[in-house]
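Notes follow the structure.
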Amino acid sequence: MFEESAVIRWRKYTDRYRLIGNACKACGETYYPAKEQCPCGGKEFAAQQFSGKGRLLTFTEVKAAPEVFESKTPYVIGIVKLDEGPKVGAQICDANAGDLKIGQRVEAVFRKFYASGETGVLHYGTKFRPVF
Amino acid sequence: MVERKVAVIGVGITRFGEVWEKGLRQLLAEAELQALADARINPEKVDMIFTGNMCGGEFAGQEHLGGMASSILNLNVASTRVEGACASGSLAFRQGLMAIESGRADMVLVNGVEKMTDVSTEHVTTGLMGAGDEEWEGFQGFTFPGLYALMAKAYMNKFGLSRKQLAAVAVKNHFHGARNPIAQYRKEITLDDVYKSMMVAEPLTLLDCSPITDGAASVVLCNAETAKQYCEAPVYVAGSGQASDTLALAERSELHHVKATRLAKTQAFAQAKITVKDLDLVEVHDCFTIAEIMAMEDLGLCGNGKAGRLVEQGQTYFDGKTPVNTSGGLKACGHPVGATGVKQVVEVVQQLQGKAGKRQVKGAEIGVTHNVGGSGATVVVNVFKRGLP
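These protein sequence lines map, in sequence, to chains A and B.
So that you can map any letter, position 81 of the first sequence is 81 in the UniProt record's numbering, and since no number is skipped, the others follow by simple counting.
So that you can map any letter, position 225 of the second sequence is 225 in the UniProt record's numbering, and since no number is skipped, the others follow by simple counting.
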């Protein structure tokens with residue numbers, strides 16, 4: 001991945017940090033992340049808040065990571081199907097890979113991702129943790 | 001409708017591997033000059049150049065490879081770099097194909113090149129992640145082995161693939177690599193070697209993954225009507241297809257196969273008027289062992305969930321019923337990302353010309369290449385024939 005400036009993070013406040021996507025006004029289909037054009041042809045959307053609750057579709061433990069995540073290895077990544085419909089890729093936290101199962105219930109949490117090079121600025125985002 | 005047919009009349013390829021003595025330009029020059037010599041033409045015959053490359057800027061500080069490819073040959077003709085992650089080489093090939101089909105050019109040089117070993121492994125991992133979705137995969141800490149591991153787990157959950165079946169892909173590709181003089185790993189391995197190698201992203205170990213590789217490959221394409229003037233055994237492009245899917249893996253409707261492969265294959269096979277039964281060999285995009293399993297099914301070589309058994313039974317060796325990746329694939333031949341799509345064409349052409357030495361598929365007449373960008377957002381499938389289609 002690519003090292004981000006403060007402006008990039010500011011631009012991503014709604015989708016990255018608040019789990020806000022959108023819903024097509026024509027067919028009602030919900031999207032996270034937000035879409036620009038609906039497959040139904042719709043171009044008008046309303047903001048949609050997602051609950052952050054969902055189910056784990058697949059997961060793995062990453063042992064060799066890109067530069068900024070190197071100190072965090074091993075960590076678990078997965079694909080979550082949100083209860084409202086959309087699927088999203090994210091890190092799965094607060095659990096070892098061995099304790100997780102496909103189909104497992106998960107919920108979104110706001111977490112620290114990594115610290116930027118020399119400035120040490122912290123980057124935050126959304127991860128998911130299992131609900132046992 | 002396609003009016004003009006296209007033939008491959010020359011191929012060139014460098015050694016694949018850690019080529020410390022050569023930089024990006026030297027690799028590209030070696031492949032270009034070899035291909036022109038093989039086609040027995042001077043550079044002045046070339047009307048257009050397309051060069052596939054993914055990370056020239058990131059790994060070698062060099063963008064603008066169109067300019068580099070033409071400079072090497074002292075030409076002023078149109079020269080363009082094409083990028084589509086690991087499918088960059090095939091995209092360059094398709095640009096060349098369409099340039100001749102359309103009548104815009106009669107003779108095209110297609111290159112693929114990547115110089116990867118001048119930077120650290122972590123830097124390569126970071127750069128390659130540019131093939132994924134930066135916000136929804138890169139920022140989240142995803143890696144390519146990680147993405148394919150997610151697909152492997154989804155596939156295993158659906159069809160029940162065994163560890164042995166997955167490892168057998170790597171063992172077979174190393175067997176072929178050992179018989180390919182330009183391969184990065186000219187060394188056979190055992191199932192045990194795969195099981196015991198370092199875990200990268202469960203279930204994929206280091207030997208389930210393609211390596212970091214330097215290399216370049218080039219092919220000369222020309223209007224099929226004039227091909228025999230330059231080459232005794234031209235190989236013809238019988239069909240070509242390209243399809244796309246969502247950039248992020250999570251957005252796809254299914255995670256256990258690659259939809260864009262199915263779409264590109266349908267186009268290419270229809271244009272070539274062939275079915276899967278006509279194929280003598282296929283070069284597929286095995287960036288990870290699971291990718292070869294999915295490719296076999298997506299290309300229709302077997303039914304869904306059946307590829308593991310075919311591999312385990314040895315049917316995909318060069319002398320088996322369905323030879324897959326006789327070059328050694330990305331796994332053993334190496335994966336210089338921008339060069340891979342063109343390397344696949346070189347391998348199929350050499351096979352159809354009977355020049356594949358110890359890994360030669362007897363009497364091969366029809367071969368297919370399959371090249372994937374990222375986790376499946378871009379796929380190209382090409383069909384080649386020994387005789388005029």
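All residues carry an ideal CB built from backbone N, CA and C; glycine is no exception.
Everything numeric in this text was worked out from a predicted model, so none of it was measured.
Simplified DSSP state of residue i, which is helix, strand or coil
i        : result
Arg4/B   : coil
Phe175/B : helix
Cys333/B : helix
Pro234/B : coil
Tyr185/B : coil
Leu279/B : coil
Phe50/B  : strand
Leu247/B : coil
Pro145/B : helix
Tyr195/B : helix
Phe102/A : For the record, residue 102/A in the displayed sequence is Ile; it is not Phe. Coil, per DSSP.
Val324/B : strand
His256/B : coil
Asn22/A  : strand
Pro130/A : strand
Cβ-Cβ distance between residue i and residue j below 8 Å
i        : j        : result
Thr143/B : Pro74/A  : no
Thr326/B : Ala356/B : yes
Lys127/A : Ala90/A  : yes
Glu202/B : Glu70/A  : no
Val219/B : Val379/B : no
Val311/B : Lys172/B : yes
Asp214/B : Gly17/B  : yes
Leu330/B : Ser210/B : yes
Gly96/B  : Thr340/B : no
Ile77/A  : Gly146/B : yes
Ala217/B : Gly12/B  : yes
Tyr114/A : Lys72/A  : yes
Ala227/B : Ala243/B : no
Ala233/B : Gln353/B : yes
Val119/B : Lys265/B : no
Ala377/B : Leu281/B : no
Ala60/B  : Gly112/B : no
Gln49/A  : Asn22/A  : no
Proximal chain A residues relative to residue i, where beta-carbon distance stays under 7 Å
i        : result
Trp20/B  : None at all; the shortest Cβ gap to chain A is about 22 Å.
Ala31/B  : Within 7 Å Cβ-Cβ: nothing; Ala31/B doesn't reach chain A, min ~30 Å.
Val200/B : Lys63, Ala64
Residue-chain proximity (residue i, chain A), Cβ-Cβ < 8 Å
i        : result
Asn304/B : no
His123/B : yes
Leu255/B : yes
Asn111/B : no
Met54/B  : no
Met116/B : no
Met294/B : no
Asn371/B : no
Asn325/B : no
Proximity winner among the options, relative to residue i (alpha-carbon distances)
i        : options                                : result
Ser5/A   : His123/A, Pro130/A, Phe132/A           : His123/A
Asp319/B : Ala307/B, Gln351/B, Leu255/B           : Gln351/B
Arg252/B : Thr14/A, Ile77/A, Lys81/A              : Lys81/A
Ile20/A  : Asp83/A, Arg9/A, Pro33/A, Gly28/A      : Pro33/A
Met296/B : Gly61/B, Met107/B, Asn74/B, His256/B   : His256/B
Gln140/B : Gly125/A, Asn96/A, Ala64/A, Pro130/A   : Gly125/A
Gly52/B  : Gly338/B, Gly132/B, Val77/B, Lys385/B  : Gly338/B
Asp208/B : Phe159/B, Phe269/B, Ala167/B           : Ala167/B
Gly374/B : Tyr148/B, Glu283/B, Leu299/B, Asn304/B : Tyr148/B
Val284/B : Ala178/B, Gly66/B, Val368/B            : Val368/B
Glu3/B   : Leu299/B, Arg104/B, Gly56/B            : Arg104/B
Test: residue i CB closer than 8 Å to a CB of chain B
i        : result
Tyr124/A : no
Tyr75/A  : yes
Ala95/A  : no
Glu70/A  : yes
Listed by chain order, chain B residues near residue i by CB distance under 7 Å
i             : result
residue 133/A : Not covered by the structure: residue 133/A. The range shown for chain A is 1 to 132.
Glu67/A       : Glu122, His123, Thr126
Ile20/A       : By Cβ distance, chain B contributes nothing, its closest Cβ being about 14 Å from Ile20/A, past 7 Å.
Lys101/A      : Within 7 Å Cβ-Cβ: nothing; Lys101/A doesn't reach chain B, min ~10 Å.
Amino acids of chain A, ordered along the chain, whose beta-carbon sits closer than 8 Å to that of residue i
i        : result
His57/B  : For clarity, residue 57/B is Gly in the given sequence; the question names His instead. None at all; the shortest Cβ gap to chain A is about 12 Å.
Asn157/B : Thr58, Ile102
Neighbour list for residue i in chain B, Cβ cutoff strictly below 9 Å
i       : result
Ile79/A : Leu150, Ala154, Leu249, Ala250, Leu255
Neighbouring residues, chain A, relative to residue i (Cβ below 9 Å)
i        : result
Leu145/B : It should be noted that the sequence gives Pro, not Leu, for residue 145/B. Chain A residues near Pro145/B: Thr60, Val62, Lys63, Ala64.
(message) For the region 28-61 of chain A, list every residue whose C-beta sits within 8 Å of some C-beta in chain C, in sequence order.
(response) You won't find chain C in this structure, because its protein chains are A and B.
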